[in-house]
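Protein chains in written order, with the numbering used here: chain S, 7 to 484; chain B, 4 to 109.
Virtual Cβ for every residue (Gly too), placed ideally from N, Cα, C.
Structure first, then comments.
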Amino acid sequence: MSERKKIPEDGLRILTPIGMLGYGIHEGDFEQGLENNPDAIILDSGSNDGGPFKLGANEMARHPDSYERDLRLLLDGRAKNNIPLLIGSSGGPGTNELVREVCSLVETHEANEGRETKVAYVYSDVDKDTVRERLEAGEIEVCDGAPDLENDDIDDSIIVAQIGAEPILKVLEENEDIDVIVAGRAYDPSPYAAFCMQYEIDPGIYWHMGKIMECGGLCAEPKTQAIMATVFEDSFELEPLSKKAKCTPTSVAAHTLYEKMHPYKLQGPGGMLDLEECDYIQMSGELELGDPSTKKEERRVKVTGSRFVKDDIYRVKLEGAKQVGYRSMFIGGIRDPIMIEGIDDILETIKSHMVDKHKDQSPPFPFEINFHLYGRNGVMSKWEPVKDIPHEIGLLCEVTAPEQEFAAMICSETRVAMLHGPYQGQLATGGNLASPLTPLECDLGAVYKWSVYHTMIVRPGEGDELFKCGIYSEEGEV
Amino acid sequence: MDKLKDIAKVVRSKNASPFAITFDVMFEEKELYERFKESNALSKEKICELYGVASDGILEYVYYDQARALKFTLLRRNWPHGSVNERDTFGAQQHVPLFDVEVPTI
């Protein structure tokens with residue numbers, strides 16, 4: 007690693023305008039952030055929270071227009087201040103293809119503005135041969151709750167790694183003048199850690215800071231978007247840009263819990279972040295927000311005591327998604343109390359009837375019918391404690407099959423069976439469903455599942471080979 | 004007796020990973036948090052009862068004093084995340100059984 011730089015006297019400043027690229031940056035708060043002289047703009051662009059769909063389909067998480075709008079603000083801002091912009095998990099799933107798409111959006115805008123901008127890419131895709139080989143070698147471990155990894159899964163999946171900080175740091179160290187780094191799927195704090203690794207800062211401090219900052223101003227009260235971190239060797243301070251929000255020790259400590267398995271032990275690539283002994287101290291505002299009274303408000307929090315415990319063996323988390331089939335759906339309301347009382351039997355009968363009807367299908371095709379009963383247990387399913395009989399049920403039926411046409415056919419037959427089927431005690435023989443929409447059924451396209459959620463050992467020295475980086479150009483990577 | 008929904012500041016659920024769902028109960032006031040913690044009103048056994056899970060389905064169960072919070076994390080076993088038969092992609096609406104947990108008044 008290169009010689010580490012000294013932190014500026016008043017701390018190293020990192021501006022995060024929003025917790026997710028494409029969610030709609032607030033221009034005013036962002037501008038205010040830029041007025042406070044950040045040393046970098048860093049933000050996250052991905053999450054696995056929304057399911058495996060976007061990864062499986064290799065699609066951008068947000069509409070391109072949303073990315074264009076936010077990127078325009080970010081790129082103009084970073085050029086004005088002449089500071090680097092770092093984006094992690096670019097495009098959402100953060101595959102190589104999406105990294106290139108985001109690089110392309112960046113290049114287009116910079117060309118339109120007549121700017122010569124140095125853009126780097128960092129790739130996170132992991133190729134299937136590598137995964138297969140490491141599985142053989144016993145270097146892949148399953149994460150809690152995930153299924154075992156089969157070779158079929160590897161063959162049929164798109165696989166990325168949640169990369170650590172090192173590949174991004176490599177770009178920074180090899181290119182003093184880098185303007186934009188578009189990184190693929192990354193452990194959320196990685197771009198923040200990478201930027202800070204250039205300086206004399208304790209790892210516990212930058213990993214903790216990154217863990218909070220990657221969500222933007224969610225650690226403030228009320229939740230807001232833009233937030234500035236000021237980082238020192240063994241502490242960091244957080245303050246939101248919006249005058250309507252403030253950071254308090256509770257709001258910051260509580261944010262550590264958000265979306266995490268454990269409140270103070272967070273495993274990441276290369277080590278574990280231990281926040282058990284952290285102190286969260288209230289301070290008054292220090293940012294210039296165009297209103298001197300904010301400097302008398304208790305709106306800034308200082309954090310100390312965060313520890314990073316390095317792992318002996320470096321592991322990255324792999325994410326993979328594969329297609330399981332296609333789906334079609336229908337929805338309908340049920341108001342008849344006799345039908346509602348007997349709904350479980352009715353639905354079982356319909357399922358059996360459909361299986362029976364198609365059992366001699368040649369060639370055979372599997373299908374799965376699932377009913378969601380809103381008003382009864384649509385949201386919580388088996389976990390629903392309330393057993394009262396509702397006065398109406400919103401029925402959602404989804405059918406999964408290997409081909410879209412089969413899913414559509416089974417879905418249609420199921421809907422007809424629901425609508426016209428007889429049942430015990432039936433008085434209303436006109437029709438069983440209140441269908442609100444036409445078309446009566448809807449094809450949903452492909453459905454995916456998580457096929458890989460495992461850690462993989464990164465052997466000493468092979469990080470550069472696994473997670474390539476370089477300078478982006480339209481003709482191809484250099 | 005107080006119900007958790009009347010004394011807690013936050014009662015929430017959310018995905019912690021594609022295979023785990025995490026629950027947070029947080030308090031504004033230290034005394035309320037201490038009372039809740041000491042009473043063990045939301046014990047592991049209580050969680051097993053409320054969510055019909057076996058104790059090996061509880062991945063984590065931890066108090067964090069700095070946030071005046073209890074966090075517990077369950078395996079997401081009922082259906083695969085964001086796939087066929089999903090009910091709650093973000094895992095954000097599974098918290099309601101915690102509302103009526105009774106906490107003794109001192």
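- Ala199/S sits in a helix when the DSSP states are folded into three classes.
- In the DSSP annotation of this structure, the continuous segment of the beta strand (DSSP E) that includes Arg305/S starts and ends at Glu304 to Thr310.
- Restricted to the stretch 206 to 253 of chain S, the beta strand (DSSP E) segments that are unbroken, complete and at least 3 residues in length are 233 to 238 and 241 to 246, listed in chain order.
- Among the residues of chain B, those whose CB is under 8 Å from the CB of Val453/S are Ser86 and Val87, following chain order.
- When the five nearest sequence neighbours on each side are left out, the beta carbons in the same chain lying within less than 6 Å of the beta carbon of Gly60/B are those of Leu77 and Leu78, in order along the chain.
- For Leu425/S, the CB contacts under 7 Å within the same chain, skipping 5 residues up- and downstream, are Gly437, Asn438 and Leu439 in chain order.
- In this chain, the beta strand (DSSP E) harbouring Lys17/B covers Val13 to Ser20.
- Contact between the stretch 102 to 109 of chain S and the stretch 59 to 68 of chain S is present, with at least three C-beta pairs closer than 8 Å.
- About 5 Å separates the Cβ atoms of Gly28/S and Asp76/S, confirming a contact at the 8 Å cut-off.
- A distance of 8 Å or more separates the beta carbons of His460/S and Glu33/S.
- By the beta-carbon neighbour count (other beta carbons within 10 angstroms, threshold 16), His378/S is buried.
- The beta-carbon separation of Asp194/S and Glu220/S, rounded to 4 Å, stays under the 8 Å limit for a contact.
- Short of 7 Å from the beta carbon of Lys12/B, and not among the five residues preceding or following it, lie these beta carbons of its own chain, in chain order: Met29, Phe30 and Glu31.
- Identification of residues in the stretch 45 to 61 of chain S having a C-beta nearer than 9 Å to some C-beta of chain B yields Asn54, Asp55, Gly56, Gly57, Pro58 and Phe59, given in sequence order.
- Judged by beta-carbon spacing, Val108/S lies within the 8 Å limit of Ile93/S, meaning their Cβ atoms are closer than that value.
- For the stretch 38 to 52 of chain B, no residue has a beta-carbon sitting nearer than 9 Å to a beta-carbon of chain S.
- The DSSP-derived three-state label of Leu425/S is helix.
- Between the C-alpha atoms of Ile10/B and Lys17/B there is a straight-line separation of about 21 Å.
- Under a criterion of Cβ atoms nearer than 8 Å, the residues of chain S adjacent to Tyr67/B are, in order, Ala259, Thr262, Leu263, Pro269 and Tyr270.
- Distance from the CA of Val309/S to the CA of Arg333/S, rounded to the nearest whole angstrom, comes to 48 Å.
- Look at the stretch 373 to 387 of chain S: the residues with a C-beta under 8 Å from a C-beta of chain B are Glu374, Asn376, His378, Gly384, Val385, Met386 and Ser387.
- With respect to the 8 Å criterion, Tyr270/S and Asp280/S are classified as neighbours on the basis of their beta carbons.
- For the stretch 7 to 27 of chain B, the set of residues with a beta-carbon nearer than 8 Å to any beta-carbon of chain S comprises Val13, Lys17, Asn18, Ala19, Ser20, Pro21, Phe22, Ala23, Thr25 and Asp27, in chain order.
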